[in-house]
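S.K.: Residue numbers (our numbering), protein chains in the order written: chain A, 1 to 325; chain B, 326 to 650; chain C, 651 to 975; chain D, 976 to 1300; chain E, 1301 to 1625. All C-beta atoms, glycine included, are put in the ideal place defined by N, C-alpha and C. Starting off with a structure, shown below.
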Amino acid sequence: MFLAHRNGQPARAVETEADADGAIWLDLVDPTETERDLAARLVGKIIPQRADLEEIESSSRLHLEEDAVYMSLPLVRRTDTDLYSSPIGFVLLPARLVTIRFSDYASFDNAARRIVETPEAITSEDAFVMILECIVDRLADVLEHVGLNLNQLSRDVFSGYDPKSGTQLAAWQRAILRRVGHAEDFSSLVRDSLLGLDRIAIFISETRKQTLPRPLAARLSTVSRDVTSLTDFVAQLSNKIQFLLDAALGFISIEQNDSMKILTVVSFIGVAPTLIAGVYGMNFKDIPELTWAYGYWYALSAMSTSVILPLLWFWHRGWLKAGTR
Amino acid sequence: MFLAHRNGQPARAVETEADADGAIWLDLVDPTETERDLAARLVGKIIPQRADLEEIESSSRLHLEEDAVYMSLPLVRRTDTDLYSSPIGFVLLPARLVTIRFSDYASFDNAARRIVETPEAITSEDAFVMILECIVDRLADVLEHVGLNLNQLSRDVFSGYDPKSGTQLAAWQRAILRRVGHAEDFSSLVRDSLLGLDRIAIFISETRKQTLPRPLAARLSTVSRDVTSLTDFVAQLSNKIQFLLDAALGFISIEQNDSMKILTVVSFIGVAPTLIAGVYGMNFKDIPELTWAYGYWYALSAMSTSVILPLLWFWHRGWLKAGTR
Amino acid sequence: MFLAHRNGQPARAVETEADADGAIWLDLVDPTETERDLAARLVGKIIPQRADLEEIESSSRLHLEEDAVYMSLPLVRRTDTDLYSSPIGFVLLPARLVTIRFSDYASFDNAARRIVETPEAITSEDAFVMILECIVDRLADVLEHVGLNLNQLSRDVFSGYDPKSGTQLAAWQRAILRRVGHAEDFSSLVRDSLLGLDRIAIFISETRKQTLPRPLAARLSTVSRDVTSLTDFVAQLSNKIQFLLDAALGFISIEQNDSMKILTVVSFIGVAPTLIAGVYGMNFKDIPELTWAYGYWYALSAMSTSVILPLLWFWHRGWLKAGTR
Amino acid sequence: MFLAHRNGQPARAVETEADADGAIWLDLVDPTETERDLAARLVGKIIPQRADLEEIESSSRLHLEEDAVYMSLPLVRRTDTDLYSSPIGFVLLPARLVTIRFSDYASFDNAARRIVETPEAITSEDAFVMILECIVDRLADVLEHVGLNLNQLSRDVFSGYDPKSGTQLAAWQRAILRRVGHAEDFSSLVRDSLLGLDRIAIFISETRKQTLPRPLAARLSTVSRDVTSLTDFVAQLSNKIQFLLDAALGFISIEQNDSMKILTVVSFIGVAPTLIAGVYGMNFKDIPELTWAYGYWYALSAMSTSVILPLLWFWHRGWLKAGTR
Amino acid sequence: MFLAHRNGQPARAVETEADADGAIWLDLVDPTETERDLAARLVGKIIPQRADLEEIESSSRLHLEEDAVYMSLPLVRRTDTDLYSSPIGFVLLPARLVTIRFSDYASFDNAARRIVETPEAITSEDAFVMILECIVDRLADVLEHVGLNLNQLSRDVFSGYDPKSGTQLAAWQRAILRRVGHAEDFSSLVRDSLLGLDRIAIFISETRKQTLPRPLAARLSTVSRDVTSLTDFVAQLSNKIQFLLDAALGFISIEQNDSMKILTVVSFIGVAPTLIAGVYGMNFKDIPELTWAYGYWYALSAMSTSVILPLLWFWHRGWLKAGTR
Ligand SMILES: [Mg+2]
Ligand SMILES: [Mg+2]
Ligand SMILES: [Mg+2]
Ligand SMILES: [Mg+2]
Ligand SMILES: [Mg+2]
Ligand SMILES: [Mg+2]
Ligand SMILES: [Mg+2]
Ligand SMILES: [Mg+2]
Ligand SMILES: [Mg+2]
Ligand SMILES: [Mg+2]
Ligand SMILES: [Mg+2]
Ligand SMILES: [Mg+2]
Ligand SMILES: [Mg+2]
Ligand SMILES: [Mg+2]
Ligand SMILES: [Mg+2]
Ligand SMILES: [Mg+2]
Ligand SMILES: [Mg+2]
Ligand SMILES: [Mg+2]
Ligand SMILES: [Mg+2]
Ligand SMILES: [Mg+2]
Ligand SMILES: [Mg+2]
Ligand SMILES: [Mg+2]
Ligand SMILES: [Mg+2]
Ligand SMILES: [Mg+2]
Ligand SMILES: [Mg+2]
Ligand SMILES: [Mg+2]
Ligand SMILES: [Mg+2]
Ligand SMILES: [Mg+2]
Ligand SMILES: [Mg+2]
Ligand SMILES: [Mg+2]
Ligand SMILES: [Mg+2]
């Protein structure tokens, strides 16, 4: 997809060079080769491939070519069912901003909307800073949501497995660990995005120090400050995730032994009556009890007693109340 | 609730604009829409919603609008039964301070009392700094209390499970882990509050550098220093919590094996006599012992011996003294 | 207790104002209300209560009131049987130093001795710095001792449980964990004391920058450097304790499985002979072996073989050498 | 091997002094003594031995001798089947660069290709910086690949062991831990290489501050910035590896108990029917059931019931659904 | 032992004052009181006792007394069989250097050799810096060796226990943990030595800033840089040790369950045939199978089947291939 944005006007799909006339922001979404070539012709610059944007060293992510600033970062995207990061690229030119991305992002939609709603003319740098601001806003909202999820996960870990819940103990434990792992993945991806944003904000501030209008410079440093506060927030989340992992392992250890205990108790309880039965199954010529009138009932009572007494003791010690939590 | 505070006078509930005449501090507690609108009219500024105050990026938490300074932070509240954090907001104006909160806080009550007891006129900035000071005082008191609780928890972890206590082992273990988790939650919420306080103190010092009276600036930097010392204290607590979690997991592992051991010993002890009974239950034509005069008693003695000898050995090795701790 | 110290003279108990004449250092040890009032009258200043000295925020611990400097810190005390921290307070006045404490400390005794042995006149600031120096010296000595204890604990952890020692495995394991916990508690309390000392040294250097004689300033900065080196030492200890905890948990896991293994082996070994006895206990009309001349002996041999063969295999595999370590 | 590189010309093997005429870069690959001597004669400097290049203190790694700069670092090499680090050395002279290495590296091949493709004359410093750039490029590519591998490992850990996969549980668990260990080894070796690169870039910038042409200095500082960004990336990887190790240990603990559980359930289920069989194997004179017409069938039913009822209960509780994950 | 070193001459044992004539370095090795007194007379200064050199606070380790600089640090010594740290002391005087130590050190031997081989006159400061350089060289060599050992340990941990190795599983596991503990002890002792070296280098640079000849100052700052690089190396080692400890605990957990599993499987397999034997051992009047012609053989077949079927299933699932790793 190839969209052109102008302030005060709705976005327009670009199919010919004319479609981009007067557009301040050219937005390539998972572009075809044709769209990429068209964009390259329009701005007279190379448009980077996806592989270029996935490079990780800073000289690949941030560099100048004459009057063009090339920047890229990995941006996390979170849907209801999935979580991944894909690269986004910026080519900032004096007259235009080109963005290249491979995924829908609410933040880009928001930036487009803000540009449409802006009546006065804006520069390519205005558009660029607006997109950064929208990305930061969106990441902050998502992080708030993750923080709430983590609180729920914490409650689930510490309230423990409910045997009446219908799920199997091991399945419940696996689900808990997976949620912890998912939270860690997410916070790791967000941290990468925030680091990328921070480097971009610093890079553009430094390379355009002389020419950047004062209000834009101020907004860029606000972006930097926000990124710092979000990075602190992620670090807190990450500590909490680490702690939850350790605590979950502790609960798993308790739960497993707790469940196994009743089984062990019952196995233990079988030893004495089985031995009694064995004794009276022996073929000695002269076993007096075997000839007693109520010998069989006596043996059954002895067996019952050998079961009931330890059961009472276990009960008294609370071993059988598996539900006590 | 909507309260107006004046120095030297008791707080008054605000229902009409007149109720707020001469008030230096307007305090909105979980305000209705009507109360919020009334406050907005009184100060001629937008009063933020709860969702606005829950934003986490610093540009949402700290910003200027003309002569108004908007600030927010999450403030932890701890009751006997519960623990949570809710946002509080400040709108600092030249003539008035507006606070928005959603919970009772001892620190706000203390600040109101200090203002009532101040005979001379105070400015909105005085009131603002007073509230910050009361929050810091309160957090410090609560942290001292948490530190004592943690010492008790440490003693409980290291003195271990008492089988005579009437609680079930697993229930005791879960309670220990939950107390560790609760302490961690608390220290995490306090850290967020302290971070918010620190940013506010820095923000107001910077934005009002020129105009803030010298004594107030000094008090603000005292607030900052206190926040730093409390943050160090929380970091110490957090290390201790981490250590207690690891130690508790170690004790859990010892306790469980210790309890299980006696069961295992007894199962083990059943093997030999059961085998003897089996042997003399065999139907071979010619088993000499079966015809011995005291064959049965001999067999019973053999079984008893096969039980008592290992029991003695275990006793000698200390395996049966489950109570040794 | 209320003591007055003068240079060149032994300490004197203070009961009336006259007892304190010419004393440079007034030392209140767990003072009664009467003693506190007497001290307050003597210096014309408020003498803080224990609760005041237990405050944790820096503005409560360090503040000025006219010509008096109020300072407090928690100071660890270690006896042969116990370990705790109690607050100590300083009120430094131009003519006198007042200290308030609630416990005996070797460092205070040492400082008193040094003052007694000083022939020339000293100022209240001299006395104050001397006490700080004695506290640092003492903490360093105690830390050296703790370092040696920790080396012993490390050797105990890594040499492992000795089954011949007469102690029960679980009791030994609990004792190891408790020693680790004790070391951590101690290092945590020392760290608090060192942090308090450091803040005091910095506070007094700053507030008295203009008036403090050069040699005293140099001694204070030596105190600060010493505190830094001791803090590094404690950090090393703390890392070592953390490592020992993890290693101890590993050894506990090995020991427990090692002990349990022999029990499991023996249970396993009972399966085959019990089954053989069961087979020949069956009541089939025609079981040829039952009528063999040496049928019983054949069965006993089969049982013995079924026990001995796996035992040999286990022996060969080293499973039965529980003592190998 | 001993290669000589010239700009605009293919590499040539050096066997006599003449082969190196006009070469800007002399590249010794696992050189023989003869090759080392030849190189030493050509440049009039000592060529370090492998042991010299393996020294770890910075004064051995980076030093000047008259107009020669000696530098060394450990460089990681990763093939499909192996992973190791071997030292590389640089001797930078005004007219020539000598490199000593003991392994093939894609980065050196790339640098040679770039020199061949450069038409204009280059200096020894140009060649040196080019090699550093190629090393950084290569490390970045390898790290991207490792990052992808780690994502796969994370998915494998969190999707857990598949009993239908044909591998044994313990073998699968060992493989997971080994992959974690391999990732950690790799990130540790990369970190060493990056640290070495960074120190070299700083050393050459400082020692040649006066004489290094401006564009080369800029390229060196780009190398430093790239190294910093890669070091951050490795730190992220390392955190993730640490987290995966902990999570894998958690899953191992769940899996093992899960597998063991079914065995325990079945052992438990054998207790009751075995006891019933024992009871009716007793030899009491008067056991009424033994003479019942359908006594045997009654006993079989009782046994079946004692098996089926707990099985149903376990089934209902989900204990038998080992596959639920 | 008491040795005197002069440049260009072999070391000479000191027994009378004359033996030390013209010596630039007096080296006391575990000195007797007589030797210490002799050294004190020779230099006119107090020679510290071992207890003085073991102090840990920086004011005890580094101080000036008139023209004498007193310095001490703990220096690690590693022999084939042992590992320990003992203090070394320096008294640096304008005309002479005195060292006090309690152990042989290769580094001191190397320094003595370098002095012997130096033809021109050297100062006491030259000797002092030479010793520091030799210590750093030696620590670097030892660390390289430890790094290689750690790689071997890592391979041992990750290749796992070999049941065919002849060592018992638990003994192997204990040996692994002990090697990890040993590595940690060593890195901890090296870190202490490096910290001591660094403080000494800084102290002497500062206290002799005015008078230290330029080349010596440069060599001291090279010592500092080397210490920094070695400290980084130790930090890497320490991370690796930490990681290996965690991984070793994981493997221990896998190994133990793996070994225990076969035992459990066999116990499980005994349940069904034992039950069958029990059934046909019952004394019911009418058990049809008992009178079957081939009843006994039928029962034996049923038992065999009840053993073989689950064995096959376990085999198919890979549970019996304990050797798969
Ligand atoms: Mg994270
Ligand atoms: Mg956060
Ligand atoms: Mg938080
Ligand atoms: Mg957080
Ligand atoms: Mg948090
Ligand atoms: Mg932990
Ligand atoms: Mg753990
Ligand atoms: Mg915390
Ligand atoms: Mg704390
Ligand atoms: Mg603390
Ligand atoms: Mg604390
Ligand atoms: Mg730990
Ligand atoms: Mg601590
Ligand atoms: Mg230390
Ligand atoms: Mg140490
Ligand atoms: Mg240490
Ligand atoms: Mg510590
Ligand atoms: Mg650890
Ligand atoms: Mg690593
Ligand atoms: Mg990384
Ligand atoms: Mg990364
Ligand atoms: Mg990561
Ligand atoms: Mg990452
Ligand atoms: Mg962890
Ligand atoms: Mg250490
Ligand atoms: Mg290292
Ligand atoms: Mg290293
Ligand atoms: Mg390493
Ligand atoms: Mg280390
Ligand atoms: Mg770990
Ligand atoms: Mg573990």
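Would E/Ile1435 and E/Ala1427 be called neighbours here (beta carbons separated by less than 8 angstroms)?
M.R.: Reading the fifth sequence from its first residue, position 135 is the one you call residue 1435 of chain E. Reading the fifth sequence from its first residue, position 127 is the one you call residue 1427 of chain E. Not a contact, by the Cβ cut-off of 8 angstroms.
S.K.: Quick check on this structure: which residue in A/Leu42, A/Phe90, A/Glu206 and A/Ser221 has the alpha carbon closest to the alpha carbon of A/Val69?
M.R.: As a working note, residue 69 of chain A is residue 69 in the first sequence. When each option's Cα is compared against that of A/Val69, the closest is A/Phe90.
S.K.: Hey, how far is the Cα of D/Gln1127 from the Cα of A/Glu184?
M.R.: To locate residue 1127 of chain D, count along the fourth sequence from 1; it is residue 152. To locate residue 184 of chain A, count along the first sequence from 1; it is residue 184. If I take the Cα positions, the gap works out to 15 angstroms.
S.K.: Roughly how many whole angstroms lie between the Cα atoms of D/Val1165 and C/Leu747?
M.R.: Residue mapping note: residue 1165 of chain D aligns to position 190 of the fourth sequence, counting from 1. Residue mapping note: residue 747 of chain C aligns to position 97 of the third sequence, counting from 1. In a straight line, the C-alpha of D/Val1165 is about 59 angstroms away from that of C/Leu747.
S.K.: Entirely within the stretch 744-772 of chain C and at least 3 residues each: give me those beta strand (DSSP E) ranges in chain order.
M.R.: If we require 3 residues or more, the beta strand (DSSP E) runs fully inside the stretch 744-772 of chain C come out as 747-751.
S.K.: Name the residues in the stretch 126-145 of chain A whose C-beta lies less than 9 angstroms from a C-beta of chain B; which are they?
M.R.: For the stretch 126-145 of chain A, which is checked against every Cβ of chain B, the residues closer than 9 angstroms are Glu133, Val136, Asp137, Leu139, Ala140, Asp141, Leu143 and Glu144.
S.K.: I need the straight-line Cα distance from C/Ser757 to C/Met651, nearest angstrom please.
M.R.: Along the third sequence, one-based indexing puts residue 757 of chain C at 107. Along the third sequence, one-based indexing puts residue 651 of chain C at 1. So the two alpha carbons sit approximately 17 angstroms from each other.
S.K.: Looking only at its chain, what residues have a beta carbon closer than 6 angstroms to the beta carbon of E/Ala1412, apart from the 5 residues adjacent to it on each side?
M.R.: Stepping through the fifth sequence from its first residue, residue 1412 of chain E is reached at position 112. Once the five neighbours on either side are set aside, the close Cβ partners of E/Ala1412 are His1305 and Ala1311.
S.K.: Between the stretch 153-165 of chain A and chain B, which residues of the former have CB atoms less than 8 angstroms from a CB of the latter, in chain order?
M.R.: Hits within the stretch, in order: Ser154, Val157, Phe158 and Gly160.
S.K.: Name, please, each residue of chain A whose Cβ falls closer than 7 angstroms to the Cβ of D/Val1254.
M.R.: In the fourth sequence, residue 1254 of chain D corresponds to position 279, counting from 1. What D/Val1254 touches in chain A: Ala277.
S.K.: Mapping DSSP to helix, strand and coil, what is C/Pro863?
M.R.: On the third sequence, residue 863 of chain C is found 213 positions in, with the first residue counted as 1. Coil, per DSSP.
S.K.: Answer with buried or exposed for D/Ala1145, where buried requires no fewer than 16 other C-beta atoms within 10 angstroms of its C-beta.
M.R.: Here residue 1145 of chain D refers to the residue found at position 170 of the fourth sequence. Counting Cβ neighbours within 10 Å, D/Ala1145 comes out buried, since at least 16 surround it.
S.K.: With distance defined between alpha-carbon atoms, name the residue in D/Gly997, D/Ile1031, D/Thr1009 and D/Ala1096 nearest to E/Asp1526.
M.R.: Numbered from its first residue, the fifth sequence carries residue 1526 of chain E at position 226. Nearest C-alpha to E/Asp1526: D/Ile1031.
S.K.: Once DSSP output is grouped into helix, strand and coil, what is the label at A/Phe284?
M.R.: Here residue 284 of chain A refers to the residue found at position 284 of the first sequence. The answer is coil: DSSP assigns A/Phe284 none of H, G, I, E or B.
S.K.: Go ahead and pull the three-state DSSP assignment for B/Ala336.
M.R.: Here residue 336 of chain B is taken as the residue at index 11 of the second sequence, counted from 1. Strand, per DSSP.
S.K.: Name, please, each residue of chain E whose Cβ falls closer than 8 angstroms to the Cβ of D/Gly997.
M.R.: Numbered from 1 along the fourth sequence, position 22 holds the residue referred to as residue 997 of chain D. Under the 8 angstroms cutoff, chain E gives no residues; its nearest Cβ is about 37 angstroms from D/Gly997.
S.K.: Among C/Asp908, C/Phe901, C/Asp677 and C/Asn760, which has the Cα closest to the Cα of C/Asp749?
M.R.: Taking the third sequence and counting its residues from 1, one reaches residue 749 of chain C at position 99. As written in the sequence, residue 749 of chain C is Thr, which differs from the Asp given in the question. Considering only alpha carbons, the answer is C/Asp677.
S.K.: Between the C-alpha atoms of D/Ser1163 and E/Ala1548, what's the straight-line distance to the nearest angstrom?
M.R.: Taking the first residue of the fourth sequence as 1, we reach residue 1163 of chain D at position 188. Taking the first residue of the fifth sequence as 1, we reach residue 1548 of chain E at position 248. Cα to Cα, D/Ser1163 sits roughly 18 angstroms from E/Ala1548.
S.K.: Is D/Gly1270 near A/Gly281, with beta carbons less than 8 angstroms apart?
M.R.: Your numbering for residue 1270 of chain D matches position 295 in the fourth sequence. Your numbering for residue 281 of chain A matches position 281 in the first sequence. Their beta carbons are not under 8 angstroms apart, which means D/Gly1270 does not touch A/Gly281 by this criterion.
S.K.: Relative to the C-alpha of D/Ala993, which residue among D/Ala1014, D/Val1004, D/Glu1008 and D/Gly983 is closest?
M.R.: Within the fourth sequence, the letter at position 18 stands for residue 993 of chain D. When each option's Cα is compared against that of D/Ala993, the closest is D/Ala1014.
S.K.: Of all the CB atoms in chain B, is at least one closer than 8 angstroms to the CB of A/Thr124?
M.R.: Taking the first residue of the first sequence as 1, we reach residue 124 of chain A at position 124. In the sequence as presented, Thr is not what sits at residue 124 of chain A; that position holds Ser. Not an interface residue.
S.K.: Name the one or two DSSP bridge partners that E/Phe1389 has.
M.R.: The count along the fifth sequence starts at 1 and reaches residue 1389 of chain E at position 89. One point to set straight first is that residue 1389 of chain E is Gly, not Phe, in the sequence displayed. DSSP, once it has assigned bridges, lists E/Ser1372 and E/Ile1400 as partnering E/Gly1389.
S.K.: Within its chain, find whatever has a CB closer than 8 angstroms to the CB of B/Glu580; leave out the 5 residues flanking it on each side and keep chain order.
M.R.: The residue given as residue 580 of chain B occupies position 255 in the second sequence. Answer for B/Glu580: Gly485, Tyr486, Leu494 and Gln498, listed in chain order.
S.K.: DSSP three-state call for C/Tyr811: helix, strand or coil?
M.R.: Start at 1 with the first residue of the third sequence, and residue 811 of chain C comes out as number 161. Coil at C/Tyr811, not helix or strand.
S.K.: Could you have a look at B/Ala543 and say whether DSSP puts it in helix, strand or coil?
M.R.: Residue numbering aside, residue 543 of chain B sits at position 218 when the second sequence is read from its first letter. B/Ala543: helix per DSSP, three-state reduction.
S.K.: Locate the alpha helix (DSSP H) running through E/Leu1494, then write down its first and last residues.
M.R.: If you number the fifth sequence from 1, residue 1494 of chain E lands on position 194. Taken as a continuous stretch (DSSP letters only), the alpha helix (DSSP H) holding E/Leu1494 covers Leu1469 to Thr1507.
S.K.: Going by DSSP, what residue range makes up the alpha helix (DSSP H) through C/Asp702?
M.R.: Residue 702 of chain C sits at position 52 when you count from the first residue of the third sequence. Note, C/Asp702: alpha helix (DSSP H), Arg700 to Leu703.
S.K.: Can you name the residues of chain C whose CB is closer than 9 angstroms to the CB of E/Asn1583?
M.R.: Reading the fifth sequence from its first residue, position 283 is the one you call residue 1583 of chain E. What E/Asn1583 touches in chain C: Asn933.
S.K.: What ranges does the beta strand (DSSP E) occupy inside the stretch 667-697 of chain C, keeping only unbroken runs of at least 3 residues that lie completely in it?
M.R.: Listed in chain order, the complete beta strand (DSSP E) runs (minimum 3 residues) inside the stretch 667-697 of chain C are 675-679.
S.K.: Measure the beta-carbon distance from C/Ile674 to C/Ser774 and round it to whole angstroms, keeping in mind my assumption that it falls under 8 angstroms.
M.R.: Residue 674 of chain C sits at position 24 when you count from the first residue of the third sequence. Residue 774 of chain C sits at position 124 when you count from the first residue of the third sequence. Going by Cβ atoms, the distance from C/Ile674 to C/Ser774 rounds to 6 angstroms, so yes, they are a contact pair.
S.K.: Tell me the rounded alpha-carbon separation between E/Leu1303 and E/Val1329.
M.R.: Stepping through the fifth sequence from its first residue, residue 1303 of chain E is reached at position 3. Stepping through the fifth sequence from its first residue, residue 1329 of chain E is reached at position 29. Distance between the alpha carbons of E/Leu1303 and E/Val1329: 8 angstroms.
S.K.: Would B/Ser397 pass as a contact of B/Leu378 if the rule is Cβ separation under 8 angstroms?
M.R.: Here the question's residue 397 of chain B lines up with position 72 in the second sequence. Here the question's residue 378 of chain B lines up with position 53 in the second sequence. Their beta carbons are under 8 angstroms apart, which means B/Ser397 touches B/Leu378 by this criterion.
S.K.: Starting from the Cα of A/Leu251, find the closest Cα among A/Leu220, A/Thr305, A/Phe314 and A/Ile176 and give me that residue.
M.R.: The residue given as residue 251 of chain A occupies position 251 in the first sequence. For clarity, residue 251 of chain A is Phe in the given sequence; the question names Leu instead. For A/Phe251, the nearest C-alpha among the options comes from A/Ile176.
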